[in-house]
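Data first, discussion second: the structure below is written as structure tokens.
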Amino acid sequence: MSLGRAASLILAKELRIELRSRELVSTTLVFVLLVLVLFSFTFDPTTAESHRFGPGLLWLGILFAGSLMLQPSFVREKVNDTLSALRMAPIDPFAVLLGKLAANALFLFLVELILLPIFVALYNLPILPILARLLLVLSLGTIGLATTGTVFSAIAAHARLRELLLPLLLFPVVAPLLIASTEATVSLFSPQPQLDPVWLVFLVAFDAVFLTAAWVFGEYLFEE
Amino acid sequence: MLASVPARRRFSAIFFAADLPYVVKPPSISSGFSIQFEGIEKRYGMRLALRGLSLRVAPGEFVALVGANGSGKTTLLRIAAQLIRPSAGTIRVSGKGDENPLAIRARTGMIAHASFLYEELTAEENLHFFARLYDLPQAPEACEAALERVALDARARDLVRTFSRGMRQRLSLARAMMIAPRLLLLDEPATGLDPEGQSWLGGELAKMHGDGCTILMSTHGRNEVQSAVTRAVRLQAGAVAEDSGERGDFRAVLAGSVAEN
Numbered sequence: 393m394s395l396g397r398a399a400s401l402i403l404a405k406e407l408r409i410e411l412r413s414r415e416l417v418s419t420t421l422v423f424v425l426l427v428l429v430l431f432s433f434t435f436d437p438t439t440a441e442s443h444r445f446g447p448g449l450l451w452l453g454i455l456f457a458g459s460l461m462l463q464p465s466f467v468r469e470k471v472n473d474t475l476s477a478l479r480m481a482p483i484d485p486f487a488v489l490l491g492k493l494a495a496n497a498l499f500l501f502l503v504e505l506i507l508l509p510i511f512v513a514l515y516n517l518p519i520l521p522i523l524a525r526l527l528l529v530l531s532l533g534t535i536g537l538a539t540t541g542t543v544f545s546a547i548a549a550h551a552r553l554r555e556l557l558l559p560l561l562l563f564p565v566v567a568p569l570l571i572a573s574t575e576a577t578v579s580l581f582s583p584q585p586q587l588d589p590v591w592l593v594f595l596v597a598f599d600a601v602f603l604t605a606a607w608v609f610g611e612y613l614f615e616e
Numbered sequence: 154m155l156a157s158v159p160a161r162r163r164f165s166a167i168f169f170a171a172d173l174p175y176v177v178k179p180p181s182i183s184s185g186f187s188i189q190f191e192g193i194e195k196r197y198g199m200r201l202a203l204r205g206l207s208l209r210v211a212p213g214e215f216v217a218l219v220g221a222n223g224s225g226k227t228t229l230l231r232i233a234a235q236l237i238r239p240s241a242g243t244i245r246v247s248g249k250g251d252e253n254p255l256a257i258r259a260r261t262g263m264i265a266h267a268s269f270l271y272e273e274l275t276a277e278e279n280l281h282f283f284a285r286l287y288d289l290p291q292a293p294e295a296c297e298a299a300l301e302r303v304a305l306d307a308r309a310r311d312l313v314r315t316f317s318r319g320m321r322q323r324l325s326l327a328r329a330m331m332i333a334p335r336l337l338l339l340d341e342p343a344t345g346l347d348p349e350g351q352s353w354l355g356g357e358l359a360k361m362h363g364d365g366c367t368i369l370m371s372t373h374g375r376n377e378v379q380s381a382v383t384r385a386v387r388l389q390a391g392a393v394a395e396d397s398g399e400r401g402d403f404r405a406v407l408a409g410s411v412a413e414n
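Those sequence lines, one after another, are chains B and A. According to the numbering used here, the first sequence is numbered sequentially starting from 393. According to the numbering used here, the second sequence is numbered sequentially starting from 154.
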């Protein structure tokens, strides 16, 4: 079986389970909405401050959402040791990682799409003229976060303090991604909006490097 | 052990299944697989779970692994399933003329303490998912037949989380049977089953053994599941303490194990 087909089977399974349980997307959405509302009340930003700090707060919210959402990705596979069942299947182990990564990126992107209009309303930021470019930055940032988060979720799943371990592993590694995504978003909210190609290339490179690393070393992540 | 897949071959495998180093073609293997453990050691931190264990299981044997808690039975089974790498030693699982690791994996079934089932999927969805993952031809028919065989066809569309322990065990067996295993690894499969359930499981295992499947089963005490066993191996502190051999008195080893527990 090809890698793509095996990964699509894992992805379909993840989507079906999430559609049925609605645990990940709904809880993450509520959590990240609370974070953004609290940020808004705490800072009570002016228009100029919203332009300056809004993108950073948005990406911090997305990072918190990611760390909350990615945590159960592999922990759920430990409940009935279904991870062992997947590992025993005659497929490339990277297919498991790829299927989960795709599912996590989709869930996270869905949360961001719901979040965006609320963020705009809270921080009074115009997004319609820059929507396509903003979605591009969001997509690249989300792929990077989902890739690193899924890999670290697989590593943390075997640990005793797994709930604490994921943010500890994830936050330092995604710091460059957070900076690049924030800077790219800030440039979009400037008076003359334009997407800084330096940050765009950085985001593409970050995603490519971590996807390649996950592809090459993925099979060792599940070992007990 | 399963070899790593070189990166360049992984790249082409994204697009061309035929480029996978070990594409699974359902092998025309009718006899069971053989397993050979040679000097297996497994260390968990400072604790040595297996100490240079050597054991050979011939195709078609039904071997009961007995021994006290912590004697290494589960570790040995998980090593046989390629879920754990041994710290030292080698394991070789082979079918008749086929040592392709993925082909071996495609015909190795396991029933463990955990059910290997998704709680939020129905019985049918669980089997369909694994049937497709194993690339079984005519997956829907294979699932239906497996559900009928374990008498769960009436509950096919119920979520697994609504199932009792016995029903989960039956569904686990259906999942394992569906792939027509040539090696079946069982980790205390009778746990939580009532005498009737044990008797039913014993009958199913006897049928699979009759079909030539090699079975390696860890078990505690005496129960109905052991009815078709042909050989018993007692483990103690991570090594083989007693082995009835293929033609030996396995009942004496099982009785000795009951006395030890």
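Glycine included, each C-beta is placed from N, C-alpha and C at the ideal position.
- Partner residues in the beta bridge of Glu191(A), as assigned by DSSP, are Thr243(A).
- Taken through DSSP and simplified to helix, strand or coil, Ser371(A) comes out as strand.
- For Tyr612(B), the three-state secondary structure derived from DSSP is helix.
- The three-state secondary structure of Thr438(B), taken from DSSP, is coil.
- In summary, the residues of the segment 231 to 251 of chain A whose CB is separated from some CB of chain B by less than 8 Å are Arg231, Ala234, Gln235, Leu236, Ile237 and Arg238, in the order they occur in the chain.
- By a beta-carbon distance limit of 8 Å, Leu337(A) contacts Cys366(A). Their separation comes to about 5 Å.
- Contact annotation for Pro482(B) against chain A: Val177, Leu255, Arg258, Ala259 and Tyr287 [CB-CB distance below 7 Å, chain order].
- At a cut-off of 8 Å between C-beta atoms, Ile510(B) does not count as an interface residue with respect to chain A.
- Boundaries of the alpha helix (DSSP H) harbouring Glu301(A): Ala292 to Arg302, taken from the DSSP string.
- The beta carbon of Lys492(B) sits no closer than 8 Å to any beta carbon of chain A.
- Taking 8 Å as the CB threshold, Thr474(B) lines the interface with chain A.
- With contacts defined by Cβ atoms closer than 8 Å, Gly355(A) and Gly319(A) do not form a contacting pair.
- Note that the C-beta distance between Leu407(A) and Val378(A) is not below 8 Å.
- Annotation: Gly345(A) is outside any alpha helix (DSSP H) and is labelled neither H nor E by DSSP.
- Taking all protein chains shown into account, Ser187(A) has 16 or more neighbouring C-beta atoms within 10 Å of its C-beta and is therefore buried.
- Taking a contact as a CB-CB distance under 8 Å, the pair Leu517(B) and His443(B) counts as one, their CB atoms being some 7 Å apart.
- In this structure, DSSP gives Ile409(B) a helical state, which the three-state scheme calls helix.
- In the three-state DSSP reduction, Ile522(B) falls in the helix class (H, G or I).
- Taking 8 Å as the cut-off, the beta carbon of Ala399(B) is found closer than this to the beta carbon of Ala487(B).
- Taking a Cβ-Cβ cut-off of 7 Å, the neighbours of Phe269(A) in chain B comprise Asn472, Asp473, Thr474, Ser476 and Ala477, given in sequence order.
- A direct Cα-to-Cα measurement between Gln322(A) and Pro342(A) gives close to 8 Å.
- Linking Asp340(A) to Arg412(B) through their CA atoms gives a straight-line distance of about 31 Å.
- CA-CA distance, Ser573(B) to Glu555(B), rounds to 26 Å.
- Among the residues of the segment 408 to 420 of chain B, those with a Cβ less than 8 Å away from any Cβ of chain A are Arg408, Ile409, Arg412 and Ser413, in the order of the chain.
- A residue is called buried when at least 16 other Cβ atoms come within 10 angstroms of its Cβ; Lys405(B) meets this threshold and is buried.
- Glu616(B) has a beta carbon lying within less than 8 Å of a beta carbon in chain A.
- Residue state for Ser476(B) is assigned as helix, using DSSP reduced to three classes.
- Around Asp484(B), the same chain offers Leu395 and Ala398 as residues with beta carbons nearer than 7 Å, after the five sequence neighbours per side are excluded.
- Going by C-alpha positions, Leu462(B) is about 14 Å away from Leu407(B).
- If the five residues before and after Ile237(A) are omitted, its C-beta is found closer than 6 Å to the C-beta atoms of Arg231, all from its own chain and listed in chain order.
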